[in-house]
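Contents: one structure, followed by commentary.
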């Protein structure tokens, strides 16, 4: 037992000595290695190769028709200083009162107001068809907004006038004012009583006109119809007359364009120095227009019928059924309960002219009566009713 202990001690000292001196050791058996230490990879003479780490390289996607990630739209914020909102202006015409008749060639005062007050100019115009009787600018009072213009109307034209006050594009006021010639002077004077404003004229037919005149230039005047904003004549006729009441007709072309037009009577050279013009806006219609129906009486002044005598009546009728015009003379409803006195029928020619000699019986009662001239029926019915007198 003692021998064995000495032996193992000696062997341990020897092994330690060999390890310290770097000496060779006995190679362990495969079994001993397997049991004593974990297995390792077989050593090679080449240096170990590091396993490469996968590197992610970003790639761009292939372009497509539409972007995968659309660029957001960015709205730029304006850096401009906002402008001040313009006030709502109110423009009024105070003088003259609406529908006041103005005299051509005479001084007139125009007054009005703009609110809120401004010193921006106001444009004032007075037009009669295509003719301008007044055109001026006024600076309103900056404190009160009131404005005033004293001016003289042009003396060349008469008719329905349109007065317009305008503050740029901000405000406007309008009024209608008839403009007439002064018949009490020695100046040339002409007027249009027929047609009335807005009356229909029909292409291809006669158009009836009547009025009054005095001091005509060269003892004559011309009647006609204007189109193209009342600037071009499509029909005209010159009439010789020293003065007084007058009537006349013009024949309109067959193919004239429908639309706004003007009836005009003038004396002197048109739009030359000293000329005078009376103008009425009318409506021109095509010959085949369903609304192109016209019925006129051409006799001037108040009508009077005499018992036992015939009275000539005439006028123009356009597009009336069978070209027929019915005439009826009856007592006034108040005094005679509408009792028939006499009647007749006239027929219009191709231009619309019609005429009749209306016979009044010898035993016809005297006094007030009603003359009725009519044509058509239903929607196309046209009628003229006039108070007349039956005399013995």
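Residue numbers (the numbering used here): 7 to 398. C-beta: ideal position from N, C-alpha, C; glycine also.
One Cα belongs to residue 132, the other to residue 146, and the distance between them is close to 19 Å.
Look at residue 224 here: in three-state DSSP terms it is helix.
Between residue 266 and residue 291, the C-beta gap is not smaller than 8 Å, which leaves the two residues out of contact.
Rounded to the nearest whole angstrom, the CA to CA distance from residue 192 to residue 223 is 11 Å. Assigned with DSSP and collapsed to three states, residue 142 falls in strand. Residue 276 and residue 205 have their C-alpha atoms some 24 Å from each other. With contacts defined by Cβ atoms closer than 8 Å, residue 229 and residue 220 do not form a contacting pair.
Under the three-state reduction of DSSP, residue 389 is assigned to strand. Per the C-alpha coordinates, the member of 127, 91, 301 positioned closest to residue 359 is 301. Rounded to the nearest whole angstrom, the C-alpha separation of residue 398 and residue 110 is 44 Å. For residue 327, the three-state secondary structure derived from DSSP is helix. Of the residues 285, 232, 128, 151, the one whose Cα lies closest to the Cα of residue 167 is 285. Along the length of the region 121-202, whole alpha helix (DSSP H) runs at least 4 residues long do not occur.
From the listed residues 173, 215, 335, 184, the smallest Cα separation to residue 272 is found for 215. Here DSSP, grouped into helix, strand and coil, assigns residue 339 to helix.
For residue 243, the uninterrupted beta strand (DSSP E) run begins and ends at 238-246, by DSSP.
Residue 396 sits buried, since 16 or more C-beta atoms from the chains shown fall within 10 Å of its C-beta. Look at residue 230 here: in three-state DSSP terms it is strand.
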